[in-house]
Each structure stands twice: as structure tokens, then as C-alpha cells.
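2 protein chains.
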Amino acid sequence: MSPHDLGRIYRSEIEEQPAALERLLEHDAEIASIAAALQSRGPRLIRMVGHGSSDNAASYGVYAFGLLPHWTAMRDSITLTVHYDSPLDLSNSVAIGLSQSGRTPDVVEYLVRARRSGAFTIAITNDPASDLASAAEATIPLEAGSEQAVAATKTYTNTLAALVLLAAHLAGEGARIADGVRRAAEQMAESIPAFARDAEALALPFSYTGRMFVIGRGVEFATAREIALKLLETCRVAAEPLTATDLAHGPVAALDPLFPVWAIASPDATLPAVQEAAQRIRETGATVVASGTAAGAVQGVQYTLPVPAPDEPLLSPLLSVVPGQLFAGALARVRGLDPDAPHGLSKVTLAL
Amino acid sequence: MSPHDLGRIYRSEIEEQPAALERLLEHDAEIASIAAALQSRGPRLIRMVGHGSSDNAASYGVYAFGLLPHWTAMRDSITLTVHYDSPLDLSNSVAIGLSQSGRTPDVVEYLVRARRSGAFTIAITNDPASDLASAAEATIPLEAGSEQAVAATKTYTNTLAALVLLAAHLAGEGARIADGVRRAAEQMAESIPAFARDAEALALPFSYTGRMFVIGRGVEFATAREIALKLLETCRVAAEPLTATDLAHGPVAALDPLFPVWAIASPDATLPAVQEAAQRIRETGATVVASGTAAGAVQGVQYTLPVPAPDEPLLSPLLSVVPGQLFAGALARVRGLDPDAPHGLSKVTLAL
């Protein structure tokens, strides 16, 4: 395989993301009716379960539900319900199972048990004929189209969008947020060529990097988790996601000039924490890459990957993950690795 | 400083852990009365907040409250309440602030806001005269004694014990669990010399390790997080904690013979997931260290660090973290690093 072919599918799926978001938006009325059904049941706790990129998207859901309808949403423990069989009362909850394949065994089993216990159950999956969809009362189809690369991209961004649209309808702000997602899809399409050029330019100086931290806080913590996972699975970089504040509680001690940090900055109330973390990182001599819609507000960094601001700060993660996806692909190619088929992984994970 | 002095305080604080647990147990009646007050208020959602080792202990709290009184407990987002000022309804909740110093700014502010919003607030801190304790309606004093090493040890294990005792009293099982904690403290005291010998022997072959995964699931996920944090802050190893299942969803692709994995196995319903993960790790050629109370049940590993089983499987994390604490100290010394004062860290983190 020539180096140019490495990650061809992964790269084309990144480029399909704007179109995938448009397809999801065609289901906005269905999402609105699921929100209405959910409102009438009156739960006040949202429990999200998933693994890998789906779990990363759930980190975003915490903020989408917290900031729009002001509901508490959590990434629930699958182990407690499925493995330990603990009789928690889930009857006043919404359980959302997240799985692009709809076949992740313990996520399906969690939803089966949550429904039996009286929770309102929702599947968010790319396969509306899957076991997960059958187990749930309601399904939001991701409509990302077939995803062939093992490293998820368009199913991740469509999961973010599905969660924020559901949250928006619960808050009576469906139309405004749907418009924002549509506009973010356009901005993404316009920005991908520049993002790709920046990512290619950055890959070479990072070609020998063995470890990285990826930091974000609030709405962008999901982005930090997802970029770290892309670097782990496609580039074999030991990349760890941290909140900007948790970095200061210990991990900053591990940094040195060979241990760079990717920092995602948003123009919101978390910006001072990210700026303060960047200052502490610089004191260790570590290289800092600033990305996100407030990348320019992080001073004294070696590399800046700017991201256009969407209509709503809450929608920034739809855009800010894309430079990281592209960087992972470019870095993998520099290292002769294939992001379409990382060694030891299969697309559908049937692990316990 | 001679190599023998490196980490002298850290090591002595590890050895103080059994006595620290005994001191906490003297406050069992106070913990019982906090549980009674909490029962009478009737909340059904526990929100825990903390950073670093305190947040790791909160991961254990999810299982302590889930398995004993069958209450839902979550690691809540501080950002949503403190930074984004989102008006979540916390009135039907218990908010538990975890901070050994009691001075972590956003944890204190979270508790102030949670109390104003009607939550029952509890501080778990080593300083009952701290801002955190003043902000809370009730305080559980950790009684770990002064902790001087920057890397937390005895405040971590006492936080685990405080959470499980509170959970046990909520379930009407206070006496049984208090006995179990007392017995675990004895087992810890008996085992530390053997743990230390094993840790010293393991440090040399790992002296050039730059990155590691630490895996656990269920009750031992907290242990995985805490051991990874010790390795990051004291040894500058890029150590990432993962659940056994999340490892299979991507990160396994990063493994190779120079990227070892520390696996914590418990003799409970999560054991098959840990065994399956160990099998997949071995296929990559990576070195596996099996630890935990079911270490012997993980086949074909290069190193085994056995841990005695406590009376209750739920109490295993009190013991299984200790070999990891000692390994981090031994590895730091081999590398000429001082676990008492890792570079760039201070004991009280006042970051945003």
C-alpha cells in the first residue's frame, strides 16, 4: 500500500461529516417527538451508556442536557447494573444507549434492564435494525451512512448532534439549535481544507511523539477525550485526556519537552482554567498546541490550530474535534500506520 | 540527597495507612448519624465532586453507594454548576465535596452553591477547620494525620473508607462493613512488607517504561485511576487508566512490547472482562502485570502481585491500591525522582 492510500477511508469519512449532519437534521421532527414523549413521562435524570467514542459523546451530553433543559445527565455505570446486577431504581430516569453498531453487548443488556426497571429507553445508533434499537422504546437513527474505518469519525459528530438536538427540544429551543447545527455543518465543510493543511504541517514535528495530554474543560472535555482516543487507536501515541484543572492535580509533574499537550480552548467561562493550565505547561518546557474556537486566546504556544466559532458556544465541539481527527490521520501516515485498520481492532467490539 | 532518602516521607505515609484507617473508624458513630440525617431528608441521588485522588475515590463511591444502599451516585460536573452557573435543581440530592486540604477552590464553591440550591451537603476532608467543612452541613474528618508527601496515599485510602462506611450505614450494614474495614487495615499492615519486596523487584525491569495502561473494572476502576495517577506524578510515566472493556474499544491498538499494562483483577462478576482484556493484551506482545485479589486467576502474565482478599469484595480497593503506591515509589527511586516532591507540584492545588 502506498503511503497515500493509508487512511483513505478514514479521511473520506471525515470529509463526509457535514453531509452526515445534514442527514441527521432530516430526522429533527422525530427527535422532537421523542423529546415530547420524554417530557410527558417527567423523569429528571438522564443516564447515558456507551464505550469508546460513544462514551466520549456522552461527556458532551452532560453539558447539552445541563445547559439547555437544565437536567442532570450522567455517564452511568454499566457494570453496576449489568455485571453486579444491583437493583437500582431506574424508574424515574431516561436511559440512553449509545452504540454506532447497536451491537455492543453490555450496552444492549443495560438498556434491556433499564427498560424492565421502568426507565424511558432511547437508542442512538447508526443501525435502526440493531439489537440496541429493538431493546429501546425510541430510536434516534444516526444517519451517518456506513462507516468503514475502524476509527469512528462521522458517527461521533452525529452522536453529539443527536444529543444536543434532543436536549434542545426538551428546552423548547429545537429550532434555534437545529439552525446552529446546520450552520456548523456548513462551517465544517468550509474549514476542512484549511484544517487538513494545518494538520499535515503539524504531523512532521510530532512524528516521534510517544505520549501526549489532550486537555479541555466543560463542553470541550468530550473533544479532548475523542482526540486522545483517535491518537491512541490510529497513531499508537499514549494520549491521555484530562480536564484543564485535573492536569494541575498531579499529571503536570510528568511533562517535559518531549511530552506535548494539545489544549482545546472555548470562549466561555472555562477559558481562564485552560489559559492557566497552558501557563503551567509552558513552565515545564512542554510544547503546547492550542486548538478550539478560542485558540488565539491562549498565549505563548508553539502551534495554533484555529477553529471558526459556531452560532452557539455549545456547538463548538462539532467543529473543534475535526482538526484532531485530521491530525491523527496525518500523523498515522507519517508513521506508516493505517487509520482505516489499526492493528488489533475490529469495527464492532463484542468484548464483555 | 542519597537514593535511599528519595520518597522517604511518601513511603512512611503508605505504611501509616492501617493506623489512619483505625483513626477514621473511631468516628464511625458520627458517620452513622450523618447517614441517619441524610435518610430523613430522603434524597436519592448522590453527587460527588473532587479532583485528582479525591475524584478517583469518587469512582469507588459510585460502587459503594450502588452496591450497599442501591442509591445512584455520580461524579458530578463542577464546571456546569460553578463555571457555567447552570441552574440545575440539586434539592433532591446529597452533594459530597472531597478534598484532603479542604481548600480546592471550585470544590468549595460547588458545595456552597449546592447547599444554596437545597442539597444536603457533606465535606470529606482531612482538615475539619477548612473552608470546605465550613461550607457543608456535615463533615466527615478523614483523620489521616498530616500528609506531607505531595502524592496522596493515606488520605486516598481513608476517603475510600469514609465513603464505604457512609454507604454501609445508609444500608443498615454499618457494623459489618466497619468490621471489614478494621480487618482490611490489619491485612494491609501484615502485607506491606511483602508488597514492598514485590514492588522493588518489579521496579528494575520497568525502569525505562515511558507509558502504561492501568486497567480495572467495577469497584477496582478507582484503583486503576489512582495507580495511574501515582505513576504520572511520581515517575513521569504516561499512565492511563481504562476500564477493561474500554481498552478493547480502541486503545488496545496502541500496545506493543514496550507498552506494558497493569491489570487489577477482583474475584467478582467483572473478572471475565479483565481476563478477556489480558488475553487481548498478550496477543500484542505487551507485558502484563496482574494485581488485585484475583491476580492468580489471570493466566499467562509476566508478573503477579497478589493481594489478600478482604472479608467483603467491595473492600478490595483498600488493599489493591497499596502495591501500586509502593511500585510507584520504587520506580521513582530507580529513576532518581523524589515522590515526596514531584517537580512542578504543590500539596494544595489552588488552580481554577
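Protein sequences, first through last, are from chains A and B.
Each residue of the first sequence is one higher than the last, beginning at 1 in my numbering.
Each residue of the second sequence is one higher than the last, beginning at 1001 in my numbering.
Even for Gly, the Cβ is constructed at its ideal location relative to N, Cα and C.
C-beta neighbour in chain B for residue i, strict 7 angstroms
i	result
residue 131/A	no
residue 59/A	no
residue 269/A	yes
residue 236/A	yes
residue 79/A	yes
residue 342/A	yes
residue 62/A	yes
residue 367/A	Here chain A comprises residues numbered 1 to 352, so residue 367/A is not present and cannot be evaluated.
residue 68/A	no
residue 11/A	no
residue 188/A	no
residue 220/A	no
residue 345/A	yes
Whole-angstrom C-beta distance between residue j and residue i, which should lie under 8 angstroms
i	j	result
residue 125/A	residue 93/A	The Cβ separation is near 19 angstroms, so there is no contact.
residue 184/A	residue 38/A	Not really, about 24 angstroms apart at Cβ, beyond 8 angstroms.
residue 1339/B	residue 1149/B	6 angstroms
residue 133/A	residue 102/A	6 angstroms
residue 123/A	residue 142/A	10 angstroms between Cβ atoms; not a contact.
residue 1307/B	residue 1290/B	Their Cβ separation, rounded to whole angstroms, is 10 angstroms, which puts residue 1307/B and residue 1290/B out of contact at 8 angstroms.
residue 1144/B	residue 1020/B	4 angstroms
residue 1363/B	residue 1305/B	With chain B running from 1001 to 1352 in the structure shown, residue 1363/B is simply not present.
residue 121/A	residue 137/A	5 angstroms
residue 1067/B	residue 91/A	Not quite, the Cβ-Cβ distance comes to about 19 angstroms (not below 8 angstroms), so this is no contact.
Identity of the residues DSSP links to residue i by a beta bridge
i	result
residue 1093/B	1045/B
residue 240/A	213/A
residue 74/A	47/A
residue 1306/B	1292/B
residue 1141/B	1125/B
residue 261/A	213/A and 288/A
residue 1098/B	1124/B
Minimum Cβ-Cβ distance from residue i to chain A less than 7 angstroms
i	result
residue 1210/B	yes
residue 1246/B	yes
residue 1225/B	no
residue 1048/B	no
residue 1021/B	no
residue 1088/B	yes
residue 1252/B	yes
residue 1233/B	yes
residue 1229/B	yes
residue 1217/B	yes
residue 1052/B	yes
residue 1240/B	yes
query = For the stretch 1303-1337 of chain B, which residues have a beta carbon sitting closer than 8 angstroms to at least one beta carbon of chain A?
reply = none
message = Taking 8 angstroms as the cut-off, does the stretch 242-259 of chain A touch the stretch 288-305 of chain A (at least 3 CB pairs, one atom from each stretch)?
response = no
ask   = Are the stretch 248-263 of chain A and the stretch 70-89 of chain A touching by the rule of at least three beta carbon pairs closer than 8 angstroms?
value = no
query = Closer than 9 angstroms, Cβ to any Cβ of chain A: which residues of the stretch 1092-1110 of chain B, in chain order?
reply = 1092, 1093, 1104 and 1106
message = Short of 9 angstroms Cβ to Cβ, which residues in the stretch 1111-1142 of chain B face chain A?
response = none
inquiry  = Does the contact criterion of 3 or more C-beta pairs under 8 angstroms hold for the stretch 1163-1170 of chain B versus the stretch 1062-1070 of chain B?
reply    = Flag = yes, the stretch 1163-1170 of chain B and the stretch 1062-1070 of chain B touch.
message = Would you call the stretch 1221-1235 of chain B in contact with the stretch 1042-1059 of chain B, where contact means no fewer than 3 C-beta pairs closer than 8 angstroms?
response = yes
ask   = Taking any Cβ of chain B, which residues in the stretch 138-171 of chain A have a Cβ under 9 angstroms from it, in chain order?
value = 150, 151 and 152
task = Give the residues from the stretch 1269-1293 of chain B that approach chain A closer than 8 angstroms (Cβ to any Cβ), ordered along the chain.
result = 1269, 1270, 1272, 1273, 1276, 1277, 1280, 1283 and 1284
query = At a Cβ cut of 8 angstroms, what residues of the stretch 13-38 of chain A count as close to chain B, listed as they run along the chain?
reply = Against chain B - using a Cβ distance shorter than 8 angstroms - the stretch 13-38 of chain A contributes no residues.
key: Three-pair Cβ contact test at 8 angstroms for the stretch 1032-1050 of chain B versus the stretch 1100-1120 of chain B   = yes
inquiry  = When you compare the stretch 1209-1219 of chain B with the stretch 184-198 of chain A, are there three or more beta-carbon pairs, one atom per stretch, that lie closer than 8 angstroms?
reply    = no
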